[in-house]
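From first to last, the protein sequence lines are chains V and A. Numbers 505 to 784, taken from our numbering, label the letters of the first sequence in order. Numbers 505 to 784, taken from our numbering, label the letters of the second sequence in order. We put the CB at the ideal spot given by N, CA and C, even for glycine. Predicted model only: the values in this text are computed from it and were never measured. Below is one structure, written out as structure tokens; the observations come after it.
Protein chains: 2
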Amino acid sequence: MTPQNGPDSVVAALAASARSALDAARVAMRDVAAAGLSAPGPLDHETGVVLTTQNIEGFVDADFPIAARLAGELDGPPVFLDRDTVMAAIGEGTIGAAQGIRDFVYLTVSTGVGGAIVSGGRMIRGATNTAGELGHFPVGFDTNVRCRCRSYGCVEAYASGRNLAEAFGVADASIVYAKAAAGDARAIVLIGRAEAALASLAVGIVNALNPERIVVGGSIAEHEPAHVLAPMRQAIAERAFKVPAAAVSVVPSALRGDVSIIGSALAARDRANGEGRWFL
Amino acid sequence: MTPQNGPDSVVAALAASARSALDAARVAMRDVAAAGLSAPGPLDHETGVVLTTQNIEGFVDADFPIAARLAGELDGPPVFLDRDTVMAAIGEGTIGAAQGIRDFVYLTVSTGVGGAIVSGGRMIRGATNTAGELGHFPVGFDTNVRCRCRSYGCVEAYASGRNLAEAFGVADASIVYAKAAAGDARAIVLIGRAEAALASLAVGIVNALNPERIVVGGSIAEHEPAHVLAPMRQAIAERAFKVPAAAVSVVPSALRGDVSIIGSALAARDRANGEGRWFL
């Protein structure tokens, strides 16, 4: 669990976690060349500063130099920060399901819905490093389908695990999928809505970005591919422009639950070596 | 009017139009260094081949080397092809409202709704050169709001001039705006729906692509900025992620009705000189 009492506690917990991992692997801190750190955005991956986050108490409206602070706490390797979904895309693009592909989108359907865009062999960053938040493309006009981002009608508001669970009134989205499979009418409506949102997102991604591959990770995608990848594929085949539809495949994450961790390690390795320009 | 009886007639009409323009300008064909040609996609800008188009009779499901054919017909300068919205973005990015900006989106709201994306100082092309079709991001679930692209719920299906006019049953969208201004309830609903679609698109663009500027051209945007740019700006301020919302401005096209023509000329000039790598 991420500590909820401010950035100092988060840094201390991160350092403790790193030390524990090193102990388990019987590796000394001085033998570590670089550390990767993934966080929800917005952040500045070049300076290692978390700009603000809506998800962790104490980070709201306060820029925080988390990479430098963690590096100081570890008293060892340099720390390289990037957004969790960007780290995931680096992982999939380097050794995973998008290896060697120059135009791909990484999408996570999990507690939230997020993503990262690689186009022409480069990570799309945008003007202030927040590009890729595909889960917050509005795909419906329902103002009552509120999103935690303060908007409504976002893909995340329909299709994320948290939103599905909240809408059904249970603790976990797996219950909603199980209820729908058992014929519960209200669960079926919610799951259908989630599928429609993901279908629209898939069509929009294909038409707007023309990727060669869409890699879909996250716990919901992993456990419910028939309700995530399948409707995305069907919608692309039926509704997207034909040329980009013929060029794209929708595939599951190869690195699965470890995708952001593996991506962080790869990013740290490459950045410490002065490489990895494609994703910077 | 574009001839509707096949590609040969289109090439002949293009050549006649070019000769007529040269005559009017008292310029000889041999003094022309390069010609730019913009067309609706999908197409291959490198080879000058139009892959297929849904909009011009005779181009359906037939790849056509339009740039080479027109060059042969002109018997003079090389011809450089690109998508109309890409040419527009080249125009705005070179001498227009996005001059010097590395992250911007060009959006046209006209007969149709289209766009082009520049990110990190480069035109986003995608795997098969169709990226940028932002008008066909689905923003609503209404299956009865059909789009000419074969899908439904696209921004274009709600907000394009053609779709507005068809939905209201008149020849031109200007009538729908006039009726709405005069209090016609049905027109007000249609215009409100168009505004909502453009608002959702604006929020989605800001969250997904994090541009520094969104340049909005096209006849509807030019004549009805209060119904196009204004709702986009308002939605970004109220609903988009705060960091990218603070970084973006929504501005009208500087080159207006001539944007694609000017962009085509600039693209032809730069490509003939072996320059213009940012947009290739």
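- DSSP places A:Val643 outside both helix and strand once states are collapsed to three, so it counts as coil.
- Distance from the CA atom of V:Pro546 to the CA atom of V:Leu702, rounded to whole angstroms, is 23 Å.
- Secondary structure of A:Arg773 (DSSP, three-state): helix.
- Taking 8 Å as the upper bound for CB-CB distance, V:Ala575 and V:Ser764 are not in contact here, some 19 Å apart.
- The C-beta separation of V:Leu585 from V:Gly552 comes to about 4 Å, placing the pair in contact by the 8 Å criterion.
- Secondary structure remark: continuous alpha helix (DSSP H) runs of at least 4 residues inside the stretch 579-665 of chain A, in chain order: 588-599 and 659-663.
- Put simply, the CB of V:Leu555 is near chain A, with a gap under 8 Å to one of its CB atoms.
- Contact check between the stretch 592-610 of chain V and the stretch 681-688 of chain A: fewer than three CB pairs, one atom from each, fall below 8 Å, which does not count as touching.
- Put simply, of V:Leu518, V:Ala543, V:Pro507 and V:Ala519 the residue whose alpha carbon is nearest the alpha carbon of V:Gly767 is V:Ala543.
- Around V:Leu638, the beta-carbon contacts reaching into chain A at under 7 Å are Ala712.
- For the stretch 641-657 of chain A, the set of positions with a beta-carbon nearer than 8 Å to some beta-carbon of chain V reads Phe641, Pro642, Val643, Gly644, Phe645, Cys653, Arg654, Ser655, Tyr656 and Gly657 in chain order.
- Counted as a single uninterrupted DSSP element, the stretch harbouring A:Ala537 is not any beta strand (DSSP E), since DSSP gives it neither H nor E.
- With respect to A:Ala725, A:Val613 sits close: the two C-beta atoms are nearer than 8 Å.
- Around the CB of A:Ser664, 16 or more other CB atoms lie within 10 Å, so the residue is classed as buried.
- Per DSSP, the unbroken beta strand (DSSP E) holding V:Gly721 starts and ends at Arg717 to Gly721.
- For the pair of segments examined, the stretch 666-675 of chain V was found not to touch the stretch 709-717 of chain V: the number of CB pairs separated by less than 8 Å stays below three.
- The Cβ-Cβ distance between V:Tyr610 and V:Thr589 falls below 8 Å.
- For V:Pro756, the enclosing beta strand (DSSP E) starts and ends at Ser753 to Pro756.
- If you draw a straight line from the Cα of A:Val752 to the Cα of V:Ala529, it is about 46 Å long.
- By the C-beta density criterion, V:Ala730 is exposed, having fewer than 16 other C-beta atoms within 10 angstroms.
- For a Cβ distance threshold of 9 Å, residue set Gly630, Ala631 and Thr632 of chain A lies close to V:Glu716, ordered along the chain.
- Interface annotation for the stretch 593-625 of chain V against chain A: Ile605, Arg606, Asp607, Phe608, Gly619, Ile621, Ser623 and Gly624, criterion Cβ-Cβ distance under 9 Å.
- Between A:Phe645 and V:Ala700 a beta carbon distance of about 6 Å is seen, short of the 8 Å cut, so the two are scored as contacting.
- Boundaries of the alpha helix (DSSP H) around A:Asn711: Ala689 to Leu713.
- Closer than 8 Å to the CB of A:Phe745 there is at least one CB belonging to chain V.
- The residue among A:Glu637, A:Ala772 and A:Ile605 with its C-alpha nearest the C-alpha of V:Gly630 is A:Ile605.
- Residue burial annotation: V:Glu660 is buried, with at least 16 other C-beta atoms found within 10 angstroms of its C-beta.
- For the stretch 688-711 of chain V, the beta-carbon criterion of a distance under 7 Å to any beta-carbon of chain A is satisfied by Ala700, Ser704, Val707, Gly708 and Asn711.
- V:Phe745 is positioned such that its CB atom lies closer than 8 Å to that of A:Glu637.
- Interface with chain A (8 Å Cβ-Cβ cutoff): V:Pro735 is excluded.
- The alpha carbon of A:Glu742 has as its nearest neighbour, out of V:Val680, V:Pro735 and V:Arg654, the alpha carbon of V:Arg654.
- One alpha carbon belongs to V:Arg626, the other to V:Glu716, and they sit about 14 Å apart.
- By the rule that beta-carbons nearer than 8 Å mark a contact, V:Pro511 does not touch chain A.
- Under a criterion of Cβ atoms nearer than 8 Å, no residue of chain A is adjacent to V:Pro582; the nearest Cβ is some 24 Å distant.
- A direct Cα-Cα distance of roughly 11 Å separates V:Gly721 from V:Gly600.
- By the neighbour-count criterion, in which 16 or more other beta carbons inside 10 Å mark a residue as buried, A:Arg587 falls on the buried side.
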